[in-house]
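Enquirer: One structure follows; several queries about it will come next.
Protein chains: 2
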Amino acid sequence: MLSKKTQYAFHALIHLAERADQGPVLISEIAQEKNISIKFLENILLELKNAGMLGSKKGKGGGYYLLKPPKEIALAKIIRLLDGPIALLPCVSLNYYERCENCRDEAVCGLHEVMSKVRDASLKLLENKSLKDILTKNVPIPKLG
Amino acid sequence: MLSKKTQYAFHALIHLAERADQGPVLISEIAQEKNISIKFLENILLELKNAGMLGSKKGKGGGYYLLKPPKEIALAKIIRLLDGPIALLPCVSLNYYERCENCRDEAVCGLHEVMSKVRDASLKLLENKSLKDILTKNVPIPKLG
DNA sequence: TATTTAGTCTATAGTTTATATAGGTTTTAT
DNA sequence: ATAAAACCTATATAAACTATAGACTAAATA
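So the sequences go chain by chain: E and V.
If you use this note's numbering, the first sequence corresponds to residues -6 to 138, in order.
If you use this note's numbering, the second sequence corresponds to residues -6 to 138, in order.
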């Protein structure tokens, strides 16, 4: 399962995507709309900002906003940023590979083979779907405030 | 990622499967062969026993053994037993469903839809592959001791 | 330009869950 | 009886999660 952090990040990013090009969005607005602890959300958005995914503006009229169009932000990228590996085992991770300490030879490990396939199947979806693809369907988004 | 517990369980079960019909296998043998802390492994095997997946025999000549043929133990079952949900989000889990607290309506949540597909893709593999399918390839298994 | 206000940024602390260890108890075979 | 093995309970350690307090920054306005 994805961590709470990543789950919240998804919902927050969806909210930001739905309000793209409408100027900075308040943390408090996202927190209220998505039912997330405002302070925890604060940390998450900051992490996303430091990773280059979000921009922010301080002071009155400030808030957070996407730095790229939603279409260009793959779901896989969000998961990797906050949760790390998408694979079920370290030894089949593309981006966070670690040698398996429990088997003598990965090349003949049957587990390795199956888990690689699971990873590929997941990645096929998560790499090709973007924030734009997961926006709330059939719902007009009013500007709050 | 799968928890350490589940990762260790997989390797232990593979070991047991490779020695099926050879009588009880010592915890210490598995621990040494798979490089797992013997005490942690003890807890894991006990949990698998209490869940009905393993049998055990106490005392001299004792150990653990599979209660069913490896072919009949699906990988998904092992994961669910120790790690819980296979899905990435609680709201798309088949066996551990929880309502999403962060979105107003699951029916129109785009995240829900994509994550359901990821779940299905993973399950297709994990439900259909068994312990038998992940045994070490091309390796004759000698009886130790 | 001083002040107020709205907001981000930083640090930290408490709580829970995951991982691991230690020691003692019970059962079984010989 | 003795030794070997699983079993049980308690505890220690580390990581993840949640929450809180206060510092800092930018904008608005008088």
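Note that beta-carbon positions come from the ideal geometry of N, C-alpha and C, so glycine has one too.
None of these values were measured; they are calculated from a predicted model.
Would E:Glu11 and E:Thr129 qualify as a contact pair, given that the criterion is a beta-carbon distance under 8 Å?
Expert: Against the first sequence, residue 11 of chain E aligns to sequence position 18. Against the first sequence, residue 129 of chain E aligns to sequence position 136. Yes, these two residues count as a Cβ contact at 8 Å.
Enquirer: Against V:Glu94, what residues of chain E qualify as contacts under a CB-to-CB distance less than 7 Å, listed in chain order?
Expert: As a working note, residue 94 of chain V is residue 101 in the second sequence. Those are Asn28, listed as they occur along chain E.
Enquirer: Please list the segments of the alpha helix (DSSP H) lying wholly inside the region 15 to 93 of chain E, counting only runs of 4 or more residues, in order along the chain.
Expert: You should have 20 to 27, 31 to 43 and 68 to 75.
Enquirer: Output, in chain order, the set of chain E residues within a Cβ distance shorter than 8 Å of V:Asp126.
Expert: Start at 1 with the first residue of the second sequence, and residue 126 of chain V comes out as number 133. Residues of chain E passing the Cβ test: Gly103 and Val107.
Enquirer: Between the region 97 to 115 of chain E and the region 76 to 85 of chain E, do three or more beta carbon pairs fall short of 8 Å?
Expert: Output reads yes: the region 76 to 85 of chain E touches the region 97 to 115 of chain E.
Enquirer: Skipping 5 residues on each side, what residues in its chain have a beta carbon closer than 7 Å to that of E:Leu118?
Expert: The sequence position of residue 118 of chain E within the first sequence is 125, counting from 1. Excluding sequence neighbours, E:Leu118 sits near nothing in its chain.
Enquirer: Evaluate contact between the region 62 to 69 of chain E and the region 26 to 34 of chain E, counting only Cβ atoms and requiring at least three cross-stretch pairs below 8 Å.
Expert: Contact between the region 62 to 69 of chain E and the region 26 to 34 of chain E is absent, because fewer than three Cβ pairs lie under 8 Å.
Enquirer: Would you list the one or two residues that DSSP bridges to E:Ser142?
Expert: Here chain E has residues from -6 to 138 only, and residue 142 of chain E is not among them.
Enquirer: Name the two residues that bound the continuous alpha helix (DSSP H) containing E:Glu11.
Expert: Taking the first sequence and counting its residues from 1, one reaches residue 11 of chain E at position 18. Here the alpha helix (DSSP H) through E:Glu11 covers Lys(-3) to Glu11.
Enquirer: Nearest-angstrom Cα distance between V:Leu59 and E:Ala67?
Expert: Translated into positions along the second sequence, residue 59 of chain V becomes position 66. Translated into positions along the first sequence, residue 67 of chain E becomes position 74. Rounded to whole angstroms, V:Leu59 to E:Ala67 spans 42 Å at the Cα level.
Enquirer: Comparing the C-beta of E:Gln25 with each C-beta of chain V, is any distance below 8 Å?
Expert: Along the first sequence, one-based indexing puts residue 25 of chain E at 32. Judged by the 8 Å Cβ criterion, E:Gln25 is not in contact with chain V.
Enquirer: Using the C-alpha atoms, what's the distance from E:Leu38 back to E:Leu6?
Expert: Within the first sequence, residue 6 of chain E is the residue found at index 13, counting from 1. Within the first sequence, residue 38 of chain E is the residue found at index 45, counting from 1. Taking the straight line joining both Cα atoms gives about 9 Å.
Enquirer: To the nearest angstrom, how far is the alpha carbon of V:Ile20 from that of V:Asn28?
Expert: On the second sequence, residue 20 of chain V is found 27 positions in, with the first residue counted as 1. On the second sequence, residue 28 of chain V is found 35 positions in, with the first residue counted as 1. Their Cα atoms are separated by approximately 12 Å.
Enquirer: What did DSSP end up calling E:Lys125 once you bin it into helix, strand or coil?
Expert: As a working mapping, residue 125 of chain E is identified with position 132 in the first sequence. If DSSP states are grouped into helix, strand and coil, E:Lys125 belongs with the helices.
Enquirer: So is E:Gly56 buried or exposed if we call it buried at 16+ other beta carbons inside 10 Å?
Expert: Reading the first sequence from its first residue, position 63 is the one you call residue 56 of chain E. That one is buried.
Enquirer: From V:Tyr1 to V:Leu47, what distance separates their C-alpha atoms?
Expert: Counted from its first residue, the second sequence places residue 1 of chain V at position 8. Counted from its first residue, the second sequence places residue 47 of chain V at position 54. Distance between the alpha carbons of V:Tyr1 and V:Leu47: 15 Å.
Enquirer: Go ahead and pull the three-state DSSP assignment for V:Lys130.
Expert: What you label residue 130 of chain V is simply residue 137 of the second sequence in a count that begins at 1. Looking at V:Lys130 - three-state DSSP - the assignment turns out to be coil, as it is neither helix nor strand.
Enquirer: Is there a Cβ from chain V that is less than 8 Å from the Cβ of E:Phe3?
Expert: The sequence position of residue 3 of chain E within the first sequence is 10, counting from 1. At least one chain V Cβ lies under 8 Å of E:Phe3.
Enquirer: Under 8 Å Cβ-Cβ, which residues of chain V neighbour E:Ile71?
Expert: Locating residue 71 of chain E in the first sequence gives position 78, counting from the first residue. Under the 8 Å cutoff, chain V gives no residues; its nearest Cβ is about 11 Å from E:Ile71.
Enquirer: So with CB distances below 9 Å, who are the chain E contacts of V:Pro78?
Expert: The sequence position of residue 78 of chain V within the second sequence is 85, counting from 1. Within chain E, the residues near V:Pro78 are Met(-6).
Enquirer: Please state if the CB of E:Arg112 and the CB of E:Asn88 are separated by a distance shorter than 8 Å.
Expert: Within the first sequence, the letter at position 95 stands for residue 88 of chain E. Within the first sequence, the letter at position 119 stands for residue 112 of chain E. Cβ distance not < 8 Å, so E:Asn88 and E:Arg112 don't count as in contact.
Enquirer: Between the C-alpha atoms of V:Ile23 and V:His8, what's the straight-line distance to the nearest angstrom?
Expert: Here the question's residue 23 of chain V lines up with position 30 in the second sequence. Here the question's residue 8 of chain V lines up with position 15 in the second sequence. Rounded to the nearest angstrom, the two C-alpha atoms are 7 Å apart.
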